[in-house]
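Residue numbers (my numbering), protein chains in the order written: chain A, 3 to 253; chain B, 367 to 550.
All residues carry an ideal CB built from backbone N, CA and C; glycine is no exception.
Note sheet for the following structure.
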């Protein structure tokens, strides 16, 4: 005959939540009790039944609704803004044409200042207006596609060293979690491991390398360049997808 | 992504949010809106109330974000706010006893969808017969997929209490589901 206290411990065991010592003590005390086994099995079955209950997701537009309620007391975002029309990637991808055309139109009609967050002061506006990305040398590239969106990831070298350059468009907001996984390289100081992709985003994340490297500026001289990037992204139905992008030399 | 990586990521986002970076707050919303909504829906059984509670949860969290210490877990904090918000909703009697049967996955085919819909409704009806403490612990464990330690942290109760409360709550839920015709 097992007690309620035993059942509480058996339930924790079925949940995988009983520390090893307590588990060993419990097993030793209950031995081959059929009642205990049957109870543990029933907990597992009940857990399985509950896990089969369909997931529910938030209504569309909830995130925007919440965002609208947040007071506009924000500082400029860390995202590098690249003036439309001078983007070195412009002609590289077919999908990019649509996105850039749209942003160019907006910029021409309203002016470049529209790209700045509302709270930016005048000095910052001046500084941002002059932001121009230096010519980039693309070492390797990869692309990620999902329903309603696509993003291109490039390892690039410029005067500042190596960077991960990301350009993407998405029909609905998507959060990309980024983790480098190249075994020979340790990459650090990647500011923010999650990137929000909403509408259109162009951003450059500097990569600090943990070991010295000579980057001359072409793919051949960077044979050990980061080649894998793990990306996690949440689909519209809420499921989390994980994929590893393989970078290929652009040469 | 492991819990520790999530913690580091959240810590960074919170830090940026504390310095007024709205994009960081936006990222936190995108990362947690599904889980918070799911939790609120299980607590309130009504998608509209759940959406309102989710919205209030984030707004309260962001209102107080400057007082949050990033060395603690953001998700424990926001889950706690969400649970309290749901309890407030119920106390204010703003919750209609309504179970939405339309949320099941219709793409799975009509028979599967019908079965899912039935299970969804039965489980939700049974959940609503539990008291707040029991519903919270079941929701966090089964629909939030939290460990006992995490539940203890969110509910601010000892881990041993989580064990006993979960045991009691499961027993009651099982009984309610059987009464609702689900073979358990």
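| Item | Value |
| --- | --- |
| Taking all protein chains shown into account, do 16 or more other C-beta atoms lie within 10 angstroms of the C-beta of residue 536 of chain B, making it buried, or fewer, making it exposed? | buried |
| Answer with buried or exposed for residue 409 of chain B, where buried requires no fewer than 16 other C-beta atoms within 10 angstroms of its C-beta. | buried |
| Could you pull out every residue in the same chain whose Cβ sits closer than 7 Å to the Cβ of residue 393 of chain B, ignoring the five residues on either side in sequence? | 379 |
| Using the Cα positions of residue 6 of chain A and residue 52 of chain A, report the straight-line distance between them to the nearest angstrom. | 22 Å |
| Give me the subset of the region 399-414 of chain B whose CB atoms are less than 7 Å from a CB atom of chain A, sorted by chain position. | 399, 400, 403, 404, 407 and 413 |
| Let me make sure I understand the geometry here. Which of A/21, A/58, A/40 and A/42 has the alpha-carbon closest to that of residue 490 of chain B? | A/58 |
| Taking 7 Å as the cut-off, decide whether the C-beta atoms of residue 403 of chain B and residue 60 of chain A are in contact. | yes |
| Can you pull the DSSP bridge partners for residue 395 of chain B? | According to DSSP, which records beta bridges pairwise, residue 395 of chain B is partnered with nothing at all. |
| In chain order, what residues of the same chain lie with their CB nearer than 6 Å to the CB of residue 440 of chain B, ignoring the 5 residues before and after it? | 376 and 380 |
| Answer yes or no: does any C-beta atom of chain A fall closer than 7 Å to that of residue 425 of chain B? | yes |
| Which two residues bound the contiguous alpha helix (DSSP H) that contains residue 67 of chain A? | 64-71 |
| Please specify which runs of the alpha helix (DSSP H), each continuous and at least 4 residues long, are wholly inside the region 13-46 of chain A, giving them in chain order. | 22-32 |
| CB residue 512 of chain B to CB residue 506 of chain B, shorter than 7 Å? | yes |
| Give every residue of the same chain whose Cβ lies closer than 8 Å to the Cβ of residue 543 of chain B, excluding the five residues on either side of it in the sequence, and list them in chain order. | 488, 489, 492 and 550 |
| For residue 50 of chain A, tell me which candidate among B/547, B/540 and B/546 has the shortest Cα-Cα distance. | B/540 |
| By the DSSP assignment, the alpha helix (DSSP H) with residue 538 of chain B in it spans what residues? | 525-545 |
| Please list the residues of the region 511-540 of chain B that have a C-beta atom closer than 8 Å to any C-beta atom in chain A, keeping them in chain order. | 513, 514, 529, 530, 532, 533, 536 and 540 |
| Would you verify that the beta carbon of residue 212 of chain A is, or is not, closer than 7 Å to some beta carbon of chain B? | With a pLDDT of 37 at residue 212 of chain A, under the threshold of 50, the modelled position of that residue is not reliable, and the figure given next carries that caveat. With 7 Å as the cut-off, residue 212 of chain A does not count as an interface residue toward chain B. |
| By Cβ distance, which residues of its chain are closer than 8 Å to residue 515 of chain B, with the 5 residues on each side in sequence left out? | 525 |
| Quick one: what does DSSP say residue 59 of chain A is sitting in, helix, strand or coil? | coil |
| Rank B/425, B/434 and B/432 by C-alpha distance to the C-alpha of residue 66 of chain A and give the top, closest one. | B/425 |
| Would residue 65 of chain A pass as an interface residue toward chain B - the criterion being a Cβ-Cβ separation below 7 Å? | yes |
| How many angstroms separate the CA atom of residue 254 of chain A from the CA atom of residue 510 of chain B? | An answer regarding residue 254 of chain A cannot be provided, because it is not within the stretch 3 to 253 covered by chain A. |
| Going along chain B, which residues have a C-beta under 7 Å from residue 61 of chain A? | 413 and 417 |
| Using CA coordinates, which residue listed in B/433, B/418 and B/432 is at the minimum distance from residue 64 of chain A? | B/418 |
| Based on Cα-Cα distance, which residue from B/523, B/430 and B/449 lies nearest to residue 391 of chain B? | B/430 |
| How would you call residue 412 of chain B, buried or exposed, if buried means at least 16 neighbouring beta carbons within 10 angstroms? | buried |
| For residue 71 of chain A, which residues in chain B fall below 8 Å Cβ to Cβ? | 421 and 425 |
| Using a Cβ-Cβ distance cut-off of 7 Å, determine whether residue 396 of chain B contacts chain A. | yes |
| What residue range is occupied by the uninterrupted alpha helix (DSSP H) comprising residue 456 of chain B? | 440-457 |
| For residue 504 of chain B and residue 30 of chain A, what's the separation of their Cα atoms in angstroms? | 29 Å |
| Give every residue of the same chain whose Cβ lies closer than 7 Å to the Cβ of residue 42 of chain A, excluding the five residues on either side of it in the sequence, and list them in chain order. | 12, 15 and 16 |
| Work out the CA separation of residue 450 of chain B and residue 499 of chain B for me, nearest whole Å. | 11 Å |
| Anyone know if the C-beta pair for residue 395 of chain B and residue 423 of chain B falls short of 7 Å? | no |
| For residue 372 of chain B, which option in B/415, B/405, B/407 and B/442 has the closest C-alpha, if you only look at C-alpha atoms? | B/442 |
| Which residue comes first and which comes last in the alpha helix (DSSP H) that contains residue 503 of chain B? | 498-504 |
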